[in-house]
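Using the numbering used here, the first residue of the sequence shown is number 721, and each one after it goes up by one.
Virtual Cβ for every residue (Gly too), placed ideally from N, Cα, C.
Accompanying notes for the structure given below.
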Amino acid sequence: MKTQGKIESDADALEKLICNYGPSKYVDIVWAMQWAGHLSRQDEFRHVPMAELIEKSMLDAISGKVSSAEIEAACRRDQEIDDNLSSKREDPAAKKAAKPAKEKK
Numbered sequence: 721m722k723t724q725g726k727i728e729s730d731a732d733a734l735e736k737l738i739c740n741y742g743p744s745k746y747v748d749i750v751w752a753m754q755w756a757g758h759l760s761r762q763d764e765f766r767h768v769p770m771a772e773l774i775e776k777s778m779l780d781a782i783s784g785k786v787s788s789a790e791i792e793a794a795c796r797r798d799q800e801i802d803d804n805l806s807s808k809r810e811d812p813a814a815k816k817a818a819k820p821a822k823e824k825k
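Quick look at the structure:
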């Protein structure tokens with residue numbers, strides 16, 4: 721767990737980075753939100769409050785710790801996992817629909 725002083729120093733650093741950031745800060749904030757979504761799926765961040773997760777992801781994205789290409793690749797992998805899971809959930813229903821019901825005489 722982070723101490724209160726560490727959280728405040730991270731918040732101060734983030735505030736300074738955002739204030740002194742260039743014109744691409746709004747695009748990078750979108751990247752940071754996508755990174756937060758990716759991190760929330762990871763086991764080590766699963767129980768971290770979303771506010772802390774957003775702060776961490778913004779620090780990572782704005783400071784350059786993680787690039788937009790890395791974020792895009794991670795989100796693409798997450799989407800593939802979601803697609804695979806949803807197709808597995810749909811398979812039993814699709815099999816029932818494809819199999820015609822036998823008529824009784």
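Y741 has its alpha-carbon roughly 21 Å from the corresponding atom of A771. The beta carbon of A752 sits closer than 6 Å to those of S777, M778, A781, all from its chain and outside the five residues before and after it, given in chain order. Around the beta-carbon of A756, 16 or more other beta-carbon atoms lie within 10 Å, marking it buried. L773 is positioned such that its CB atom lies no closer than 8 Å to that of S787. Around the beta carbon of I801, a 10 Å sphere encloses fewer than 16 other beta carbons of the protein chains shown; the residue is thus reported as exposed. The residues S760, in chain order, have a CB closer than 8 Å to that of R766 in the same chain once the five nearest residues on each side in sequence are set aside. In this structure, the straight-line span from the alpha carbon of D798 to that of H758 is close to 7 Å. Going by DSSP, S777 is part of the alpha helix (DSSP H) stretching over 770-783.
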